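Engineer: Residue numbers (our numbering): 80 to 744.
Every residue gets a Cβ at the ideal spot worked out from N, C-alpha and C, and that includes glycine.
Please read these numbers as outputs of a predicted model, since none were measured by experiment.
I'd like to ask you about the structure that follows.
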C-alpha cells in the first residue's frame, strides 16, 4: 500500500474530523507528494480523492464567503495603507489603532467590488490596538461575523486577508493560508500602556506591512482575530512566519465601549502578581485600590481570575489584558492562613500619556493644501488622544448606535404573531434573600400589545400601577397619581413589569429618557451591552442586554438581562430577567429576580405560573388616567402624559416636533 493511500485512509479516523488535525495530515500529504514518490491517480481510491477535494472546496468556499467584507484602508489623501473587516451590514468595521494613527480619523476604504467608500473613526482602544470605524455610502455592506476564539487550537487552518504593501489596486484583498502556531500568547506593548497584545493568536500565515487591521478567518467563515503584528527580517520587512492577531473574544469585550465613541482604557487591579514557591501571589498592591478594600492582601495566593484557574503570573497578565476599564472582575484568593475568599470589583483603567501637538515652524510661506491637510489630521489625532478616557465623545452618534442595537433586540423579542390583544401573567413572589425560597404572595400583570400594562400586587398593603405607553401611574381607588421618573425607576416591581412590555413600544426606553451605550459589562455571568438612559434631569437608569454570540450573527443585543436605577444596585434593587419563552409572539422572561450589589445578591424572585393570551380585553382603566401635564420641581420631574396612550395616539408629546412642544408650553 502506498504512503498516499495510507494517509488518505487515515483522514477517515474520528480524530481527524477536527480541522487542526486534518491540517497536519494534509500538510504531510503535500510533503509526500513533493518528495521522490509522487502520488498518481491510480494510487488513490475515489473515497480518498474525495476527502482531499472536499477540504479544498471548504477552503475555497470560506474565502468566497468572507472576501467581500475585507477593507483596504487609506487616509483622506488616499495614501498609506492598512486593512480592516466589516462585521455588521450597516458598515461597522474593525481595524488596528496603529492603522488609524497613520491614516487619521477619516479616510477611504476599498472593498472587493472595486469601489472606494468613505469611513470615519468611531472609537479606539490604544491599549489593545483595536479601533471601530464606520463605512459609509451603501445601504448594506458585505460583512462577516466574529467567531469564538476560545475554540481555536494549534494546528487549525488560518486565512489572513488584507492589503500588504498596498498591492490591492483593484481593492481585492491578498489571501494567505497557514496554521495557528500558538494560542494565549503575550506580546508586550510599545510603552505608555499602548499596543499590548494579551491572549493573542500566533499564526504562520504571512502577515506583512499593510495587513495590519485585517481579519484572520477560520474555515467556517468567521473572524477569529484581527491581525496586528508580524516578526520581520531586518531588511525588506518581510514576514518570517510569526504573526499575531488580537483574539475575537477580546474584541467582543470592547465593541460596546468602542461604539459608545470612547477613548478606551484597559483594566488594571492596581496589583501585581508573581510566582513564589510554586504559587502565584500578590507581590505589589496599591493602598486604597478597590481590590484592596474588597479584601486582597499582600501575599494572598491567586487561585482563579474570571473563572480561570491561574497557574502562572503571565496567565493573569494575559487575561486582564482582555477586559476594559470598569469591568466587574472576579477573583478567588487564599490568604496566608489558608482561608479562601471570592472578590468582585470594578477594575480601574490603565492611563495613557497625553500627546502634544508639534508646534508648526514659523514661516512667511503659505502652506500647501497637502501641508494644511496633514496639520489638520495631526490636530484631530491629538484631540482624540487627549480626550478623557471612558467619556462619550459624540452623544448623537452613540445614540444612533444605541437605537440600532435596541431595534435589533426588539426584532428578536417580538414577532408578527403579537397582534391586537393582551398577555395576562399570573406569578408568585418568593423571598430568596436568605438562600431559602419562601412564597410571600401573588402578582398579576396584564401587558397590552402596544406596550401599556397594568400591574396588581395583592396583599396586606395592596398596590396597583399602570403604564400608558409614556408615563407611569399609581392607582389608589378612584385617585390616580402620575409618578415621577425617579419614583418609577426606583420601584423594582414596576421596572420588572416594564422590562416585559418595553419591546412592544415603538421607542422602547424613551419613557425613561434618551438611551446611550454606556459600555461593556457582565451581568448574570454573561457578557453584556450596558446602556445608560438619562431623564431630563440627567438622573440615570441602567439597562443591560446580553451580547449575541450565536454563530453567523453580527454583534448585537440578544436578550434584556437587567434594569437598575444605579450602576451596581447599591441602594435600590435591580431586576434580572431570565428563562425566556416565546408566548404568542412575545419573548417573556419566566423568572425575574430583584438583586443588590455588584455580585447581584438576590432578595426577591418573581416566577410566572401561567400566561394566557386574550384577543378581547378591557383597557378602560387608561381612560381614567390624568391627561394634564404635571409640573414637578427639579429631580422629581416625570415624563409628561398628554394622551390616553402612546399606542392609541401616535401624536403624543414625546413624538411631536420640538416647535410643537414649545408652542404647547
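1) Indicate, with yes or no, if the ligand FAD has a heavy atom lying under 7 angstroms from the CB of residue 261.
2) So who's on the other strand from residue 292, going by DSSP bridges?
3) Rounded to whole angstroms, what's the CA-CA distance from residue 684 to residue 300? Just pull it up for me.
4) Taking 8 angstroms as the limit between beta carbons, can you name the residues of its chain near residue 449, skipping five residues before and five after?
5) Of the choices 354, 363 and 379, whose alpha-carbon is the least far from that of residue 393?
6) Rounding to the nearest angstrom, what Cα-Cα distance links residue 402 and residue 516 in this structure?
7) Could you pull the start and end residues of the alpha helix (DSSP H) that residue 202 belongs to?
8) Exposed or buried, which one is residue 534 when buried takes at least 16 other CB atoms within 10 Å?
9) Taking DSSP's pairing of strands, which residues face residue 165 in a bridge?
10) Rounded to the nearest angstrom, what separates residue 429 and residue 586 at their Cα positions?
11) Would you check if the distance between the CB atom of residue 277 and the CB atom of residue 400 is smaller than 8 angstroms?
12) Looking only at C-alpha atoms, which of 555, 284 and 258 sits nearest to residue 71?
13) Would you mind reading off the limits of the alpha helix (DSSP H) that contains residue 125?
14) Check whether the Cβ atoms of residue 482 and residue 291 lie closer than 8 angstroms to each other.
15) Please name the residue or residues paired with residue 552 in a DSSP beta bridge.
16) What are the start and end residues of the beta strand (DSSP E) that includes residue 462?
17) Tell me whether the beta-carbon of residue 204 lies closer than 8 angstroms to the beta-carbon of residue 337.
18) Express the C-alpha separation of residue 223 and residue 305 in angstroms, rounding to a whole number.
19) Going residue by residue through the stretch 565 to 644, where are the continuous alpha helix (DSSP H) segments of at least 4 residues, counting only ones entirely within it?
20) If I measure Cβ to Cβ from residue 557 and keep anything under 6 angstroms in the same chain, skipping five residues before and after, which residues do I get?
21) Who pairs with residue 524 in a beta bridge, going by DSSP?
22) Note down, in chain order, each residue of its chain lying with its Cβ closer than 6 angstroms to the Cβ of residue 103, except the 5 sequence neighbours on either side.
23) According to the neighbour-count rule (16 or more other Cβ atoms, all chains shown, within 10 Å of its Cβ), is residue 643 buried or exposed?
24) Per the DSSP calculation, residue 187 is bridged to which residue(s)?
25) Assuming residue 571 contacts residue 651 under a Cβ cut-off of 8 angstroms, what Cβ separation, rounded to an integer in Å, is found between them?
26) How long is the line joining the alpha carbons of residue 458 and residue 476, rounded to whole angstroms?
27) Where do the ends of the beta strand (DSSP E) carrying residue 329 lie?
28) Does the Cβ of residue 193 have 16 or more other Cβ atoms within 10 Å, making it buried, or fewer, making it exposed?
29) Could you check which residue in 674, 324 and 663 has the C-alpha nearest to that of residue 495?
30) Sort out for me which residues DSSP pairs residue 473 with in a bridge.
31) Quick one: Cα of residue 146 to Cα of residue 262, how far?
32) Taking DSSP as the reference, what is the three-state secondary structure of residue 229?
33) State yes or no: is the C-beta of residue 563 within less than 8 angstroms of the C-beta of residue 688?
34) Grouping DSSP H, G and I as helix and E and B as strand, with all else coil, what is residue 370?
Structural biologist: Walking through what the data contain:
1) Although the ligand FAD was asked about, the structure shown includes no ligands whatsoever.
2) Beta-bridge pairing links residue 292 to no other residue.
3) 42 angstroms
4) 156
5) Checked all of 354, 363 and 379; the closest Cα to residue 393 is 354.
6) 35 angstroms
7) Taken as a continuous stretch (DSSP letters only), residue 202 belongs to no alpha helix (DSSP H), being part of the beta strand (DSSP E) at 195 to 204.
8) Sixteen is the threshold: when 16 or more other Cβ atoms of the shown chains lie within 10 Å of the Cβ of residue 534, as they do, the residue is buried.
9) 172
10) Cα-Cα distance, rounded: 37 angstroms.
11) yes
12) As shown, the chain starts at 80 and ends at 744. That puts residue 71 outside it, with no answer to give.
13) Secondary structure note for residue 125: its alpha helix (DSSP H) is the uninterrupted segment 125 to 145.
14) no
15) 545 and 561
16) No beta strand (DSSP E) contains residue 462, which is instead part of the alpha helix (DSSP H) from 448 to 464.
17) It is a contact, given that the beta carbons lie within the stated cut-off.
18) Between residue 305 and residue 223, the C-alpha separation is close to 13 angstroms.
19) 571 to 580
20) none
21) 504 and 534
22) Note that residue 103 has pLDDT 48, beneath the 50 cutoff, so the model's placement of it is unreliable and no number is given.
23) Result: buried.
24) 153 and 197
25) 7 angstroms
26) 21 angstroms
27) If you look at residue 329, you'll find it isn't in any beta strand (DSSP E); it sits in the alpha helix (DSSP H) that goes 327 to 338.
28) exposed
29) 663
30) In the DSSP output, where bridge partners are listed per residue, residue 473 has none listed.
31) 25 angstroms
32) helix
33) no
34) helix
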